[in-house]
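For the sequence shown, UniProt numbering begins at 1 and goes up steadily by one.
Following: one structure in structure tokens, then a few remarks.
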Amino acid sequence: MASSTLIFSLIALILIITTIPHSMSSPIQGFAARLIHRDSPESPLYNPAATRAHLVQSARRRTIARQNYFNRLMSSAGNKWGSSLISATLGQGHGDFIMQYKIGTPRVDTFGIFDTGSSLIWMQCEPCQKCYMQTIPIYDPAKSESYQKVKCGSVECSTTAYTSCTEDGECKYRIGYQDGSLTEGDIATETLMLEDDGLSGNVNLSNMVIGCGHYNLDPVEDYSPGVVGLSREPSSLVGQIGFRHVSYCIPSEDKGNRSSVKIGLPAVITEENTQTPMLSGKGGLYYLSLEGISVDGARLNIPRSVFDMTPEGDGGVIMDSGTSFTLIAPEGFGAVKQAVLDALSEFKPVEDSDKLYPFCYDDDRFKLETTPEIVFHFTRLDFPLAAGNTWIRNSQGHFCLAIRESVGNFNIFGLYQHRNANVGFDFNNNIVSLKYTDCQ
1 MASSTLIFSL IALILIITTI PHSMSSPIQG FAARLIHRDS PESPLYNPAA TRAHLVQSAR
61 RRTIARQNYF NRLMSSAGNK WGSSLISATL GQGHGDFIMQ YKIGTPRVDT FGIFDTGSSL
121 IWMQCEPCQK CYMQTIPIYD PAKSESYQKV KCGSVECSTT AYTSCTEDGE CKYRIGYQDG
181 SLTEGDIATE TLMLEDDGLS GNVNLSNMVI GCGHYNLDPV EDYSPGVVGL SREPSSLVGQ
241 IGFRHVSYCI PSEDKGNRSS VKIGLPAVIT EENTQTPMLS GKGGLYYLSL EGISVDGARL
301 NIPRSVFDMT PEGDGGVIMD SGTSFTLIAP EGFGAVKQAV LDALSEFKPV EDSDKLYPFC
361 YDDDRFKLET TPEIVFHFTR LDFPLAAGNT WIRNSQGHFC LAIRESVGNF NIFGLYQHRN
421 ANVGFDFNNN IVSLKYTDCQ
């Protein structure tokens, strides 16, 4: 797979033995999910006719949408996550992973975007007032014996993001965005099943809170049935099943296209010298404490305020599985960009023909092993970016900086920058661990 292609992946579940939340039909302590590249022939989103240019342009649309999503979120000071216009889950440009699972009684196959930036499990549902195209049949809850709408006043309704109540007491959700992206429908409970991989029994999750969307718009043309939210909110997958540890590890293309996300006991939280605090912030997102950035051994003159959250909870640094490339707030990005250009002054930068990356180099003398090292100085953890995680080839084969300027005063530590690293979230101790390893 060409390095210019983003890491879009399919999760084929690999269940591992074993506690337990009330929603599980048999005691387990956790499960692991195998990650496979989205553009692999195994993926339900695979398009055999897609060219490199087509994939890059699709990535560009998702990247822009994701930036707009976070910009809208961070500019919504004073609003709470229950407000229907804060998030744009449908058009926020998520799409790096998808998770396969079964839903309903009798069970039917479906899948959704695996997203640490979303707080709800939702999918398109019949009957459709308005639905976008997806690659599998739209789920019909009328055919399921285990589907049950949630009533207002219930715990399920009050602890779920983006909800409101109708006059007849039904719990509804609406997640919209100013660009026209939208999903709205019923909050309900349903049975989900993660399939046996031959190592353990099936994992059945009963009475799981879901959003059943009857009116949905998708200008980004993602074609996924919905989302599997994995934020820290009570309505996410992790919040509902109660596991306190999550980890994932994404390989670079040259290391293969298989890796895993682990939840519960199988999750890997690495040793203390690889850990940094996990901060509280908006929407159950995974906030990090970043103190500064170095380029080529020199600490850049970037004020801490560029990376810190405001007293109102805006700004800060978020680790997000749905954002492919690191985004740095304008003042910080300007310093990083200039430092990299200065360190590579012997080469002439060129404009990225794909209009996705800030600048590129088209020079046979350009070698990854001689590029300046960029180090992110998190609290108690210095994390150097591997050269292969700093640069990427565009559709013309030019080497481009794979870090972008944020459209707002927020920062996101993107997926591409921590490839070949185990990322562990420990909710009990509020820490994130980050360590390079073999992600196979």
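We put the beta carbon where it would ideally sit given N, CA and C, even for glycine.
Practice item. Use the C-beta contact count for residue 429: other C-beta atoms within 10 angstroms, 16 or more gives buried, fewer gives exposed. Key: exposed
Review point. Between residue 173 and the rest of its own chain, which residues show a CB-CB distance below 6 angstroms, the 5 nearest in sequence each way excluded?
Key: 162, 163, 187, 211
**Study point:** Length-filtered (3 minimum) beta strand (DSSP E) runs lying within the stretch 201–246
**Key:** 203–217, 226–229
Check your understanding: For residue 515 versus residue 157, is the C-beta spacing smaller than 7 angstroms?
Key -> The displayed coordinates of the chain run from 1 to 440. Any statement about residue 515 would go beyond what the structure contains.
Review point. Who are the Cβ neighbours of residue 230 in its own chain at under 8 angstroms, not counting the five residues just before and after it?
Key: 114, 115, 116, 118, 236, 237, 238, 246, 321
**Study point:** Distance between beta carbons of residue 381 and residue 300, contact taken as under 8 angstroms
**Key:** Wrong, their Cβ atoms sit about 18 angstroms apart, outside the cutoff.
Point to revise | Host beta strand (DSSP E) of residue 277 (start-end) | key: 275–279
Review point. Taking Cβ positions, are residue 313 and residue 282 nearer each other than 7 angstroms?
Key: yes
Point to revise | Cβ-Cβ distance between residue 446 and residue 226 below 7 angstroms | key: Any answer about residue 446 is impossible in this case: the structure gives the chain only from 1 up to 440.
Point to revise | CA-to-CA distance, residue 101 to residue 135, given in whole angstroms | key: The alpha-carbon separation between residue 135 and residue 101 amounts to approximately 15 angstroms.
Review point. Name the DSSP bridge partner or partners of residue 101?
Key: 110
Review point. From which residue to which residue does the beta strand (DSSP E) around residue 435 run?
Key: 431–436
Check your understanding: Buried or exposed: residue 276, going by 16 or more other Cβ atoms within 10 Å of its Cβ?
Key -> buried
Exercise for review: For residue 423, I'd like the list of residues in its chain whose CB is within less than 8 angstroms of its CB, leaving aside the five on either flank, ordered along the chain.
Suggested key: Only 247, 248, 249, 319, 432, 433, 434 meet the Cβ criterion.
**Study point:** Best match in 29, 329, 99, 352 for proximity to residue 42 [C-alpha to C-alpha]
**Key:** 99
Review point. Does the Cβ-Cβ distance between residue 104 and residue 144 come in under 7 angstroms?
Key: Cβ distance < 7 angstroms, so residue 104 and residue 144 count as in contact.
Review point. Tell me, which residues are paired with residue 418 by DSSP?
Key: Answer is none; residue 418 lacks a bridge partner.
**Study point:** Residues near residue 358 in its chain [Cβ-Cβ closer than 7 angstroms; skip 5 each side]
**Key:** 337, 401, 404, 405
Practice item. Closer than 6 angstroms by C-beta to residue 178: which residues in its own chain qualify, once you throw out the five before and the five after it? Chain order, please. Key: Interpretation of residue 178 is limited by its pLDDT of 47, a score under 50 that renders its predicted location unreliable; the figure taken from the coordinates is listed afterwards. There are no such residues.
Review point. What distance in whole Å lies between the Cβ atoms of residue 392 and residue 293, which are believed to be in contact at a cut-off of 8 angstroms?
Key: 19 angstroms between Cβ atoms; not a contact.
Review point. Cβ of residue 325 within 7 angstroms of Cβ of residue 317?
Key: No; because the gap between Cβ atoms is not below 7 angstroms, this pair is not in contact.
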